[in-house]
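Residue numbers in the sequence shown follow UniProt numbering, run continuously in steps of one, and reach 139 at the last position. Below is one structure, written out as structure tokens, with a few remarks after it.
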Amino acid sequence: FGVPNKIVADNASIFSSREVISFCYEYGITLAHAADYYPQGNGQAESSNKNLVTIIWKLVDENQRMWHKSLYDALWADRITPKRSLGMSPFQVLYGTDAELPISAELPALRLARAIEDETFQNSLEKRIMYLAELEEKR
Numbered sequence: 001f002g003v004p005n006k007i008v009a010d011n012a013s014i015f016s017s018r019e020v021i022s023f024c025y026e027y028g029i030t031l032a033h034a035a036d037y038y039p040q041g042n043g044q045a046e047s048s049n050k051n052l053v054t055i056i057w058k059l060v061d062e063n064q065r066m067w068h069k070s071l072y073d074a075l076w077a078d079r080i081t082p083k084r085s086l087g088m089s090p091f092q093v094l095y096g097t098d099a100e101l102p103i104s105a106e107l108p109a110l111r112l113a114r115a116i117e118d119e120t121f122q123n124s125l126e127k128r129i130m131y132l133a134e135l136e137e138k139r
């Protein structure tokens with residue numbers, strides 16, 4: 001993870017304090033301030049916020065007062081979506097691997113079945129179909 005190269009902050013007094021400035025100097029961090037009342041000055045954050053708002057609008061549908069209940073889902077969707085500028089998702093950048101969706105924890109992953117050396121892909125599909133049939137019988 002490491003130390004960031006640059007921190008973009010608003011003009012709150014905490015970011016101008018002696019402690020923050022000396023911390024940034026000590027670790028070689030560039031401290032930049034976004035312009036007051038000019039959100040376009042921090043384009044990267046504004047672009048991300050725009051994406052989150054779009055996702056939340058799609059999730060809340062008609063009940064807009066409950067937008068806060070969709071925030072975590074919107075953040076998750078945004079973090080696992082590949083970004084053109086990165087060539088991968090923020091999750092991949094941070095953890096070095098694809099995110100596993102919750103359904104993957106409940107059912108054996110098809111891509112893992114492909115990795116088994118002594119089985120053909122057809123055999124693994126047949127086994128998966130049998131496994132799903134067994135699951136259905138148990139229900």
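Cβ coordinates follow ideal geometry from the N, Cα and C atoms, glycine included.
Locate the alpha helix (DSSP H) running through residue i, then write down its first and last residues.
i	result
residue 8	Careful: residue 8 lies outside any alpha helix (DSSP H), inside the beta strand (DSSP E) at 6–9.
Helix, strand or coil: which one does DSSP assign to residue i?
i	result
residue 100	coil
Contact criterion: CB-CB distance below 9 angstroms. Does residue i meet it with respect to chain B?
i	result
residue 73	Absence of chain B from the displayed structure is noted, only one protein chain being present.
Using 10 angstroms around the beta-carbon of residue i, count the other beta-carbons present and answer buried if the total reaches 16, otherwise exposed.
i	result
residue 55	buried
residue 70	buried
residue 133	exposed
residue 35	exposed
residue 32	exposed
residue 12	exposed
residue 45	exposed
Runs of 4 residues minimum, wholly inside the UniProt domain "Integrase catalytic" (1–98): which ones carry the alpha helix (DSSP H) assignment? 18–27, 43–60, 71–80 and 90–95
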